[in-house]
Amino acid sequence: MGSKPRKKQIWCAQPLTPLMEGPDPELQEEGNKKESSWEVIREWFKETSIAHYIIQQYLAATGCLKQQKCNKNMYASGIVKMICCETEVSTGRNVKTLGTRSGESGCFVLWQMLPGMWSLELVVGGNKVVAGSDGKTVWRHTPWLGTHAAKGPQRPLRRIIQGLDPKSTASLFAKAQCLGEKRIGDDDCFVLKVSADRAAVMERSEGHAEVIRHALYGYFCQKSGLLIYLEDSHLTRVESPENELSETIYWETTIGSSIGDYRDVDGVLIAHQGRSIATIFRCSELSMQYTRTRMEELWSIDDVVFNVPGLSVDSFIPPADIFDGVH
Numbered sequence: 092m093g094s095k096p097r098k099k100q101i102w103c104a105q106p107l108t109p110l111m112e113g114p115d116p117e118l119q120e121e122g123n124k125k126e127s128s129w130e131v132i133r134e135w136f137k138e139t140s141i142a143h144y145i146i147q148q149y150l151a152a153t154g155c156l157k158q159q160k161c162n163k164n165m166y167a168s169g170i171v172k173m174i175c176c177e178t179e180v181s182t183g184r185n186v187k188t189l190g191t192r193s194g195e196s197g198c199f200v201l202w203q204m205l206p207g208m209w210s211l212e213l214v215v216g217g218n219k220v221v222a223g224s225d226g227k228t229v230w231r232h233t234p235w236l237g238t239h240a241a242k243g244p245q246r247p248l249r250r251i252i253q254g255l256d257p258k259s260t261a262s263l264f265a266k267a268q269c270l271g272e273k274r275i276g277d278d279d280c281f282v283l284k285v286s287a288d289r290a291a292v293m294e295r296s297e298g299h300a301e302v303i304r305h306a307l308y309g310y311f312c313q314k315s316g317l318l319i320y321l322e323d324s325h326l327t328r329v330e331s332p333e334n335e336l337s338e339t340i341y342w343e344t345t346i347g348s349s350i351g352d353y354r355d356v357d358g359v360l361i362a363h364q365g366r367s368i369a370t371i372f373r374c375s376e377l378s379m380q381y382t383r384t385r386m387e388e389l390w391s392i393d394d395v396v397f398n399v400p401g402l403s404v405d406s407f408i409p410p411a412d413i414f415d416g417v418h
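Position one of the sequence shown corresponds to residue 92 (our numbering), numbered consecutively onward.
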C-alpha cells in the first residue's frame with residue numbers, strides 16, 4: 092500500500108540514501124547460467140575486490156586503521172557560501188541564460204553520534220534549515236516546506252561523507268565497483284561507483300513521482316589514498332495527474348564536490364575545505380524544451396571535536412510534528 096501523496100512534494104534529490112550494488116539478478120537465473128553470464132559475475136567480484144582494497148587504503152591514509160579507540164560522537168562547525176550562478180532555458184530553438192551570479196554567506200553546526208544519529212543546523216541569508224536522524228528516521232525542516240520525514244531507508248548526511256567521517260564514507264562504498272581510473276585536476280584517481288538497489292529506489296517514490304536511479308561516484312587519489320571528489324547523480328520521473336494533459340517530466344540532479352585541505356584531528360585526517368556544484372536539469376519527454384539551473388557551495392570547517400561529553404540520544408529526537416504531512 093502506498094502512502095497518500097503529500098500536498099508538498101520535493102522532486103529534487105534528498106540527502107544520500109544508503110547505496111549498494113551487486114551482480115545483475117537476471118544473469119543468475121537457472122536458465123541464464125551460460126559461460127558468458129559466469130564471466131560477468133567473475134568480473135563483478137574482481138571489481139568489488141579492487142574496490143575493497145581501495146577503501147582499505149583510504150582508511151589507512153586517513154588514520155582510521157591505527158585508531159586505538161572508536162570515536163563515539165563528533166561535533167563540527169563551519170562556514171558556507173551559497174552562490175546561484177544562472178538558469179539556462181531552452182525553447183527548442185533558442186537558449187537564454189537568466190539571472191546573475193549572486194551569493195549568500197552563512198554557517199552550520201553538525202552533531203553526530205553512533206549509530207546513525209546526526210543533527211544539522213544551517214543558516215544562510217537569514218533562512219534556517221534543520222535536519223536530523225535518530226538512527227531510524229531522517230527528517231528535515233525548511234521555512235518553505237515545514238517539517239517532514241524523508242522517504243526511504245536510513246541514510247547518511249552528505250556533509251558527513253565529504254571528508255568529515257572517513258568510516259561513514261568507507262561504509263557507504265563497502266560494496267562499490269571499481270570503474271577504472273580518471274584524472275581529477277593534477278591527480279590520478281581510482282573511480283568507485285555505488286548505486287541504490289531497486290527496493291531502496293522504489294521506497295523513495297511517491298505519488299506521481301518515481302525515482303529511477305541514484306548513483307554515487309567516489310574519486311580516490313592514487314598517490315595519497317584520500318577521497319578528493321564525489322559525484323552524486325539522481326534521476327526522478329514525474330507523471331502528470333490523470334485529469335491533466337499527459338506529460339512526463341524528468342528531473343536530474345547532479346552534485347559534484349571537490350574535497351581537500353585534510354588536517355589531522357586526534358590522529359584522523361579530516362577534510363576542512365570543499366566546493367560543490369549542483370546542476371538541476373528539467374526536461375519533458377515530448378518536448379525539446381528544458382531548463383538547467385546551476386548552483387555552487389563553498390564550505391570550510393572551523394572546528395572539529397570528537398567524543399563530546401554529555402552528548403546523548405536525547406539530542407537527536409525528531410520533532411513531534413514530523414509525520415503530520417504523511418498521516
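Note that beta-carbon positions come from the ideal geometry of N, C-alpha and C, so glycine has one too. Bear in mind the structure is a predicted one, so any value in this text is a computation, not a measurement.
Going straight from the alpha carbon of Leu326 to that of Ile361, what length do you get?
Mapped onto the sequence shown, residue 326 falls at position 235. Mapped onto the sequence shown, residue 361 falls at position 270. Near 30 Å, if we compare the C-alpha coordinates of Ile361 and Leu326.
Assigned exposure category for Ala151 - 16 Cβ within 10 Å defines buried
Numbered from its first residue, the sequence shown carries residue 151 at position 60. Within 10 angstroms of the beta-carbon of Ala151 lie fewer than 16 other beta-carbons, which makes it exposed.
Please work out which residues of its chain come closer than 6 Å, Cβ to Cβ, to Leu270, disregarding the five sequence neighbours upstream and downstream, and give them in chain order.
By one-based count along the sequence shown, residue 270 stands at place 179. Around Leu270: Val282 and Lys284.
Nearest-angstrom Cα separation, counted from Gly401 out to Leu236
Translated into the one-based positions of the sequence shown, residue 236 becomes position 145. Translated into the one-based positions of the sequence shown, residue 401 becomes position 310. Straight-line Cα distance between these residues: approximately 32 Å.
Three-state secondary structure (DSSP) at Gln380?
For the purposes of this step, residue 380 is taken as residue 289 along the sequence shown, with counting starting at 1. Gln380 falls in the coil class under three-state DSSP.
Please list the segments of the alpha helix (DSSP H) lying wholly inside the stretch 163 to 191, counting only runs of 4 or more residues, in order along the chain.
Correct list: empty.
Count the other C-beta atoms from every protein chain shown that fall within 10 angstroms of the C-beta of Asn398, then say buried if there are 16 or more, exposed otherwise.
Your numbering for residue 398 matches position 307 in the sequence shown. Answer is exposed; the Cβ neighbour count stays below 16.
On the DSSP letters alone, give me the boundaries of the beta strand (DSSP E) that Glu343 sits inside.
Translated into the one-based positions of the sequence shown, residue 343 becomes position 252. Per DSSP, the continuous beta strand (DSSP E) segment holding Glu343 begins and ends at Thr339 to Val356.
Please report the distance separating the alpha-carbon of Val292 from that of Asp357.
The sequence position of residue 292 within the sequence shown is 201, counting from 1. The sequence position of residue 357 within the sequence shown is 266, counting from 1. Note on geometry: alpha-carbon atoms of Val292 and Asp357 lie some 37 Å from one another.
DSSP three-state call for Ala306: helix, strand or coil?
For this step, residue 306 is matched to residue 215 along the sequence shown. Secondary structure of Ala306 (DSSP, three-state): strand.
What are the complete alpha helix (DSSP H) segments, minimum 4 residues, inside the stretch 264 to 334?
Taking only runs of at least 4 residues, the alpha helix (DSSP H) segments lying wholly in the stretch 264 to 334 are 289 to 294.
Among Glu330, Gly347 and Ala411, which residue has its Cα nearest to the Cα of Glu376?
Position 285 of the sequence shown, counted from the first residue, corresponds to residue 376. Across the set Glu330, Gly347 and Ala411, the C-alpha of Glu330 shows the shortest separation from the C-alpha of Glu376.
DSSP three-state label for Val404, please.
Along the sequence shown, one-based indexing puts residue 404 at 313. The answer is helix: DSSP assigns Val404 an H, G or I state.
With DSSP collapsed to three states, give me the class of Gln364.
Start at 1 with the first residue of the sequence shown, and residue 364 comes out as number 273. Strand, per DSSP.
Taking the C-alpha atoms as reference points, what is the distance between Gln313 and Tyr353?
Here the question's residue 313 lines up with position 222 in the sequence shown. Here the question's residue 353 lines up with position 262 in the sequence shown. Near 16 Å, if we compare the C-alpha coordinates of Tyr353 and Gln313.
One or two residues paired with Ser210 in a DSSP bridge:
What you label residue 210 is simply residue 119 of the sequence shown in a count that begins at 1. Answer is Trp202 and Gly223, bridged to Ser210.
Whose C-alpha, out of Gly298, Thr188, Arg366 and Glu138, is nearest the C-alpha of Arg383?
Sequence index remark: in the sequence shown, residue 383 carries index 292 (1-based). Of all alpha-carbon atoms in Gly298, Thr188, Arg366 and Glu138, the one lying nearest the alpha-carbon of Arg383 is that of Thr188.
The alpha helix (DSSP H) that contains Arg231, what's its start and end?
Here residue 231 refers to the residue found at position 140 of the sequence shown. Looking at the DSSP string, Arg231 is not in any alpha helix (DSSP H); the run it does join, the beta strand (DSSP E), is Val229 to Thr233.
Assigned secondary structure, Arg373 (DSSP; H/G/I helix, E/B strand, else coil)
The sequence position of residue 373 within the sequence shown is 282, counting from 1. For Arg373, the three-state secondary structure derived from DSSP is strand.
Just to confirm before moving on: does the CB-CB distance between Leu318 and Gly309 stay below 8 Å?
As a position in the sequence shown, residue 318 is number 227, starting the count at 1. As a position in the sequence shown, residue 309 is number 218, starting the count at 1. Yes, these two residues count as a Cβ contact at 8 Å.
Suppose you measure from the CA of Phe264 to the CA of Arg184; what does that come to, to the nearest Å?
Walking along the sequence shown from the start, residue 264 turns up at place 173. Walking along the sequence shown from the start, residue 184 turns up at place 93. Whole-angstrom Cα-Cα distance: 42 Å.
Mind checking which residues open and close the beta strand (DSSP E) that includes Gly243?
For the purposes of this step, residue 243 is identified with residue 152 of the sequence shown, where counting begins at 1. Taken as a continuous stretch (DSSP letters only), Gly243 belongs to no beta strand (DSSP E), as it is neither H nor E.
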